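Comments concern the structure below.
Protein chains: 4
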Amino acid sequence: MNVHSFVCKFVFIRLIMDKKQAILKSVLRLVKRDGFYHLNMKKIAEEAGIAAGTIYLYFKGKEDVINALYKMIVTDFNQKVLDGYIESRSVKENFHEMLNNAIQFYLKERDYFSFIEQYTYAPFLFKENQDENFMLLLPIYKMMKEGKKQKVIKNLPDAILLSLIHGSMNTILKLHLAHKTDLNKKGIKQRFYDACWEAIAIAS
Amino acid sequence: MNVHSFVCKFVFIRLIMDKKQAILKSVLRLVKRDGFYHLNMKKIAEEAGIAAGTIYLYFKGKEDVINALYKMIVTDFNQKVLDGYIESRSVKENFHEMLNNAIQFYLKERDYFSFIEQYTYAPFLFKENQDENFMLLLPIYKMMKEGKKQKVIKNLPDAILLSLIHGSMNTILKLHLAHKTDLNKKGIKQRFYDACWEAIAIAS
Amino acid sequence: MNVHSFVCKFVFIRLIMDKKQAILKSVLRLVKRDGFYHLNMKKIAEEAGIAAGTIYLYFKGKEDVINALYKMIVTDFNQKVLDGYIESRSVKENFHEMLNNAIQFYLKERDYFSFIEQYTYAPFLFKENQDENFMLLLPIYKMMKEGKKQKVIKNLPDAILLSLIHGSMNTILKLHLAHKTDLNKKGIKQRFYDACWEAIAIAS
Amino acid sequence: MNVHSFVCKFVFIRLIMDKKQAILKSVLRLVKRDGFYHLNMKKIAEEAGIAAGTIYLYFKGKEDVINALYKMIVTDFNQKVLDGYIESRSVKENFHEMLNNAIQFYLKERDYFSFIEQYTYAPFLFKENQDENFMLLLPIYKMMKEGKKQKVIKNLPDAILLSLIHGSMNTILKLHLAHKTDLNKKGIKQRFYDACWEAIAIAS
DNA sequence: GATGAATGAGTTTTCATTCAT
DNA sequence: TATGAATGAAAACTCATTCAT
Chain C
2 MNVHSFVCKF
12 VFIRLIMDKK
22 QAILKSVLRL
32 VKRDGFYHLN
42 MKKIAEEAGI
52 AAGTIYLYFK
62 GKEDVINALY
72 KMIVTDFNQK
82 VLDGYIESRS
92 VKENFHEMLN
102 NAIQFYLKER
112 DYFSFIEQYT
122 YAPFLFKENQ
132 DENFMLLLPI
142 YKMMKEGKKQ
152 KVIKNLPDAI
162 LLSLIHGSMN
172 TILKLHLAHK
182 TDLNKKGIKQ
192 RFYDACWEAI
202 AIAS
Chain P
2 MNVHSFVCKF
12 VFIRLIMDKK
22 QAILKSVLRL
32 VKRDGFYHLN
42 MKKIAEEAGI
52 AAGTIYLYFK
62 GKEDVINALY
72 KMIVTDFNQK
82 VLDGYIESRS
92 VKENFHEMLN
102 NAIQFYLKER
112 DYFSFIEQYT
122 YAPFLFKENQ
132 DENFMLLLPI
142 YKMMKEGKKQ
152 KVIKNLPDAI
162 LLSLIHGSMN
172 TILKLHLAHK
182 TDLNKKGIKQ
192 RFYDACWEAI
202 AIAS
Chain S
2 MNVHSFVCKF
12 VFIRLIMDKK
22 QAILKSVLRL
32 VKRDGFYHLN
42 MKKIAEEAGI
52 AAGTIYLYFK
62 GKEDVINALY
72 KMIVTDFNQK
82 VLDGYIESRS
92 VKENFHEMLN
102 NAIQFYLKER
112 DYFSFIEQYT
122 YAPFLFKENQ
132 DENFMLLLPI
142 YKMMKEGKKQ
152 KVIKNLPDAI
162 LLSLIHGSMN
172 TILKLHLAHK
182 TDLNKKGIKQ
192 RFYDACWEAI
202 AIAS
Chain V
2 MNVHSFVCKF
12 VFIRLIMDKK
22 QAILKSVLRL
32 VKRDGFYHLN
42 MKKIAEEAGI
52 AAGTIYLYFK
62 GKEDVINALY
72 KMIVTDFNQK
82 VLDGYIESRS
92 VKENFHEMLN
102 NAIQFYLKER
112 DYFSFIEQYT
122 YAPFLFKENQ
132 DENFMLLLPI
142 YKMMKEGKKQ
152 KVIKNLPDAI
162 LLSLIHGSMN
172 TILKLHLAHK
182 TDLNKKGIKQ
192 RFYDACWEAI
202 AIAS
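Residue numbers (our numbering), protein chains in the order written: chain C, 2 to 205; chain P, 2 to 205; chain S, 2 to 205; chain V, 2 to 205.
The structure is reproduced here in structure tokens:
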């Protein structure tokens, strides 16, 4: 492979990725705006500024688009959230960091949250692997385990701890997006993190 | 009105109600089984044991069916859950009672939960009134207010308290339905209730 | 089942059959006129005077329509042609009768021939069962066997006899439909039958 | 024109021809394998190891490819079959030779037969000239005429003679390709040729 | 010449809704 | 009321052809 063909290949891959990304981003916006129910290939194409047929060059069909988007978000999420995990830090610090990362992630990428919520609760729709639903929770599991070992987190069943953390995060985000609260208001996030930590931590 | 016409009218109304209910129950089962995405009028009719056209005698159309079902569930839920609220009891007792009622409600009517989840995250789909989404939370709001007044519940913003209660309940139910935990196993529910209460209560 | 419901059911079945038949007849006409390649569901619907969606009430899809039509023709053909077979008659008489029946069948139902020809030579198109292609030849096989037993037909391999009979019939029909000959002209059919018989018969 | 440009032109033409041939051969293989119905430009390109757009450098479009292939086969066929015709030989010998040539031609180029059959029965598809369908029959016509003149072939209408020869040849090839007989088995071809000759010849 | 991504018209198929019975 | 066949608009998907590179 000479330099020229290498450059060509690189440009080629970039363009491909850009179009794939453009399609996925369109879906994201549309699902947020109109919901899964009103999603259709024509709209996706329009939103992405391409022809309907073009989608089929990059995806097998509608389900494939949806599943690819889900995978992209999960990958992105886990990467961004796990970024905050540093072995040497205390569990509490890691907890704060990860919860903050997760919240920031969804606040920044508002459409992600809306998509994930709708994807998660659509049984048998587009789901290749039902268990993937819980992939998003992996970082939290890891942190919980360590906390229990160090006896800073209550010795409750994982499901209960998970509910207190993930569930409350989910709901506060929903309330934020529905303008029932404002996570960007000074102090709110911190109070939420503290309340969550108190919920699962052994009082010192 | 003679006795005969009275009886006729009574029977007539009963039949109407039965068929309406049959349709709604069909939707419930189908949404649980196949998800919103695969729901269609023919399936609803088949599941209800009637003809497709018959649905239109009782509902304006598909959206009307969905919305009617949502309202039915909300009404049912609020009634069953508020049933547990007794003014004279302590906030803690009322909290336990209501959380238990809510959990029992969804455990008994498993399809309700699945439907509510999917309905909630389908923006602008079938939604006449976006605020209705929060109708389910009314009993909780009432209890929180009283608890704060009596200084047994932390003086946190409603959104945070709500998240800790409603969000964690939601998630534990999801985990239960996905067989990641078993709320029917002895002690689990109680531990969950206690953990929730600790999360929001002022330590005594 | 009372008389009324019996009548209803009868009428019901008749209507169904009529529409199914109407669709198949449309396909027949279109395949003759425009060929398989230009066949599409919209045209079929138009030709049958119904909406496109209606076809899907009677058939699973395009392939199902085509295969159903093939089966209909084969059934019809075998019935009409075998009608001419009478055990007590001589092999020669039976041969004449069946060849005549086959030719008359296709002359009467010109579209059948065109369809069968196109269906037969479209490998893997719509074919559920490749061997069905030879179902049409069953009556001929039967006659050949008897003729060989009675030593009035040459002791040639079945494939050769079949070719002389079926192949030449096919070709003369094609020539007729392409106006290269006219089977309706007096004496032509008889001369063809005799030539065929001479081709396979032991000279007496 | 200097030597260099001559060589260049020669190479150029060769490449052109090679690619054209490669495309036609691809179509041949695909039509045999999947049938006309499943033929598409992308498949043709893939099978030929070129890009889809390249086909349009050599042909006007899909129909042009198909028609060009048909013409190629007809030309090839007539050349190979007429090769066997020698004025000085007897009609019988010429008949044997030509029938043998035709059979050998199709046995060697199995895909040709499949293509021709499907092309022939696709009315108005790709057909510039309906009469071309009978181009393949020219060598036979010639032989028949001579045979009738010499009174070695029955004085039957051309259509009948043609049917007995061409039709039976067609069918035996079909049976061979469908594995209902085996023309490569010793003696079968010879028995077939003899049976055909007996069918059209005046018994001596 | 060669490519193959992009197009968009055309195709198959689905499905909410209507309406004659 | 109840039916379910029929509709037709809209959806998903295909593919011959074009064109910038």
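Every residue gets a Cβ at the ideal spot worked out from N, C-alpha and C, and that includes glycine.
All figures in this text were calculated on a predicted structure; none of them were measured in a lab.
**Message:** Between Tyr113 of chain S and chain V, is the shortest Cβ-Cβ distance under 8 Å, so that the two count as touching?
**Reply:** If you number the third sequence from 1, residue 113 of chain S lands on position 112. Cβ-Cβ to chain V under 8 Å: no for Tyr113 of chain S.
**Prompt:** Mapping DSSP to helix, strand and coil, what is Ala49 of chain V?
**Reply:** Stepping through the fourth sequence from its first residue, residue 49 of chain V is reached at position 48. Of the three classes helix, strand and coil, the one that applies to Ala49 of chain V here is helix, per DSSP.
**Request:** Tell me whether the beta-carbon of Ile254 of chain P lies closer than 8 Å to the beta-carbon of Leu184 of chain P.
**Result:** Given that chain P is displayed from residue 2 to residue 205, the structure contains no residue 254 of chain P and the question cannot be resolved.
**Request:** Note down, in chain order, every chain C residue with its Cβ under 7 Å from the Cβ of Gly122 of chain P.
**Result:** The residue given as residue 122 of chain P occupies position 121 in the second sequence. In the sequence as displayed, the identity of residue 122 of chain P is Tyr instead of Gly. Those within 7 Å of Tyr122 of chain P in chain C are Glu118, Gln119, Tyr122.
**Prompt:** Regarding Ile201 of chain P and the ligand NAP, is the C-beta to nearest heavy atom distance less than 7 Å?
**Reply:** No copy of the ligand NAP occurs in the structure displayed, which carries no ligand at all.
**Item:** Ala49 of chain S versus S:Val66, S:Glu147, S:Leu70, S:Lys20, residue with shortest Cα-Cα distance
**Value:** Position 48 of the third sequence, counted from the start, is the residue given in the question as residue 49 of chain S. If we check each option's Cα against that of Ala49 of chain S, S:Lys20 comes out closest.
**Asked** Near Leu163 of chain C, which residues of its chain fall below 8 Å by C-beta distance, leaving aside the five closest residues on each side in sequence?
**Response** Taking the first sequence and counting its residues from 1, the one referred to as residue 163 of chain C is at position 162. Hits under 8 Å: Leu138, Ile141, Tyr142, Met145.
**Message:** In this structure, how does DSSP classify Ala200 of chain C when only helix, strand and coil are distinguished?
**Reply:** What you label residue 200 of chain C is simply residue 199 of the first sequence in a count that begins at 1. Here Ala200 of chain C sits in helix by DSSP.
**Prompt:** Given Arg30 of chain S, which residues of its chain have a CB within under 7 Å of its CB, disregarding the five upstream and five downstream residues?
**Reply:** Taking the first residue of the third sequence as 1, we reach residue 30 of chain S at position 29. Within the same chain, Arg30 of chain S has close Cβ partners Glu48, Asp112.
**Asked** Should the stretch 150-168 of chain S be called in touch with the stretch 112-121 of chain S, which here means at least 3 C-beta pairs below 8 Å?
**Response** Three or more beta-carbon pairs separated by less than 8 Å are not found between the stretch 150-168 of chain S and the stretch 112-121 of chain S, which leaves the two stretches without contact.
**Prompt:** In terms of DSSP beta bridges, what is Ile154 of chain V paired with?
**Reply:** Translated into positions along the fourth sequence, residue 154 of chain V becomes position 153. Answer is V:Ala202, bridged to Ile154 of chain V.
**Message:** Would the stretch 189-201 of chain P count as touching the stretch 94-111 of chain P if we require 3 or more Cβ pairs under 8 Å?
**Reply:** yes
**Message:** Taking its Cβ as the centre, do 16 or more other Cβ atoms sit within 10 Å of Val12 of chain C, making it buried, or is it exposed?
**Reply:** Against the first sequence, residue 12 of chain C aligns to sequence position 11. Here the model assigns Val12 of chain C a pLDDT of 49, short of 50, so the residue's position is not dependable, and the following value carries that caveat. The residue is exposed, with fewer than 16 neighbouring Cβ atoms inside 10 Å.
**Message:** So, does the stretch 149-156 of chain V touch the stretch 82-98 of chain V, judging by three or more C-beta pairs under 8 Å?
**Reply:** yes
**Item:** Bounding residues of the alpha helix (DSSP H) (the contiguous stretch that carries Lys175 of chain S)
**Value:** Numbered from 1 along the third sequence, position 174 holds the residue referred to as residue 175 of chain S. 169-178 is the span of the alpha helix (DSSP H), which, as asked, contains Lys175 of chain S.
**Whole beta strand (DSSP E) elements within the stretch 54-131 of chain P, 3-residue minimum** = none
**Asked** chain S partners of Lys181 of chain V, CB-CB under 9 Å?
**Response** The count along the fourth sequence starts at 1 and reaches residue 181 of chain V at position 180. Per Cβ cutoff of 9 Å: Phe135, Asp159, Ala160, Leu163.
**Prompt:** Closer than 8 Å, CB to CB, is Val36 of chain V near chain S or not?
**Reply:** Locating residue 36 of chain V in the fourth sequence gives position 35, where the first residue counts as 1. A small correction: the amino acid at residue 36 of chain V is Gly; Val does not occupy that position in the sequence shown. True, the Cβ-Cβ gap to chain S drops below 8 Å.
**Phe125 of chain V, buried or exposed, once every other Cβ within 10 Å from all chains shown has been counted against 16** = What you label residue 125 of chain V is simply residue 124 of the fourth sequence in a count that begins at 1. Only weak support exists for where Phe125 of chain V lies, its pLDDT of 46 falling under 50; the coordinates are left without a value.
**Item:** 8 Å Cβ cutoff, Ser169 of chain P in contact with chain C
**Value:** As a first step, residue 169 of chain P is located in the second sequence; it is residue number 168 there, counting from the start. Taking Cβ atoms only, chain C reaches closer than 8 Å to Ser169 of chain P, which makes this a yes.
**Request:** Under 8 Å Cβ to Cβ from Thr182 of chain C, same chain only, skipping five residues before and after it: list those, please.
**Result:** For the purposes of this step, residue 182 of chain C is identified with residue 181 of the first sequence, where counting begins at 1. Around Thr182 of chain C: Ile173, Leu176, Ile189.
**Prompt:** Taking Cβ positions, are Ala196 of chain P and Leu157 of chain C nearer each other than 8 Å?
**Reply:** On the second sequence, position 195 is the one that residue 196 of chain P refers to. On the first sequence, position 156 is the one that residue 157 of chain C refers to. Against a cut-off of 8 Å, the Cβ pair of Leu157 of chain C and Ala196 of chain P comes out as a contact.
**Asked** In terms of residues, what are the limits of the alpha helix (DSSP H) holding Asp159 of chain S?
**Response** Numbered from 1 along the third sequence, position 158 holds the residue referred to as residue 159 of chain S. For Asp159 of chain S, the enclosing alpha helix (DSSP H) covers residues 159-163.
**Message:** Distance cutoff 8 Å, beta carbons only. Does Glu110 of chain V sit that close to anything in chain S?
**Reply:** Along the fourth sequence, read from residue 1 onward, the residue named residue 110 of chain V stands at position 109. By this cut-off, Glu110 of chain V is not an interface position.
**Asked** Does the stretch 33-40 of chain P touch the stretch 70-88 of chain P, meaning 3 or more C-beta pairs lie closer than 8 Å?
**Response** The stretch 70-88 of chain P is not in contact with the stretch 33-40 of chain P.
**Cβ of Phe60 of chain C within 8 Å of any chain P Cβ** = Within the first sequence, numbered from 1, the residue matching residue 60 of chain C stands at position 59. No, no contact with chain P.
**Prompt:** Would you call Lys10 of chain S buried or exposed, if buried means 16 or more other Cβ atoms sit within 10 Å of its Cβ?
**Reply:** Position 9 of the third sequence, counting from 1, holds the residue named residue 10 of chain S. Low local confidence applies: a pLDDT of 47 at Lys10 of chain S is under 50, so the model's placement there is unreliable, and no value is given.
**Prompt:** Quick one: Cα of Ala52 of chain S to Cα of Phe106 of chain C, how far?
**Reply:** Stepping through the third sequence from its first residue, residue 52 of chain S is reached at position 51. Stepping through the first sequence from its first residue, residue 106 of chain C is reached at position 105. Those two C-alpha atoms are separated by around 50 Å.
**Request:** Just the chain S side, please: which residues come within less than 8 Å of Phe78 of chain V by C-beta, in chain order?
**Result:** Counted from its first residue, the fourth sequence places residue 78 of chain V at position 77. Going along chain S, no residue has its Cβ under 8 Å from Phe78 of chain V, so there is no contact; the nearest lies around 17 Å.
**Request:** Keeping to the same chain, check which residues put their C-beta closer than 7 Å to that of Leu108 of chain C; ignore five residues upstream and five downstream.
**Result:** On the first sequence, position 107 is the one that residue 108 of chain C refers to. So the qualifying residues of the chain are Leu184.
**Request:** Check distances from the C-beta atoms of the stretch 182-200 of chain V to those of chain S and list, in chain order, the residues that come in under 8 Å.
**Result:** Thr182, Ile189, Arg192, Phe193, Ala196, Cys197, Glu199, Ala200
**Item:** Among S:Glu88, S:His97, S:His39, S:Ile24, nearest to Tyr71 of chain S - alpha-carbon criterion
**Value:** In the third sequence, residue 71 of chain S corresponds to position 70, counting from 1. Comparing Cα positions, the closest option is S:Ile24.
**Asked** Do the CB positions of Phe60 of chain C and Ala46 of chain C come within less than 8 Å of each other?
**Response** Counting from one through the first sequence, the residue named residue 60 of chain C turns up at place 59. Counting from one through the first sequence, the residue named residue 46 of chain C turns up at place 45. No, they are not a contact pair.
**Message:** Just verifying my parser: in three-state terms, what is the DSSP assignment at Tyr194 of chain P?
**Reply:** Here residue 194 of chain P refers to the residue found at position 193 of the second sequence. Tyr194 of chain P falls in the helix class under three-state DSSP.
**Prompt:** Under 8 Å between the Cβ atoms of Tyr38 of chain S and Glu118 of chain V?
**Reply:** Translated into positions along the third sequence, residue 38 of chain S becomes position 37. Translated into positions along the fourth sequence, residue 118 of chain V becomes position 117. No.
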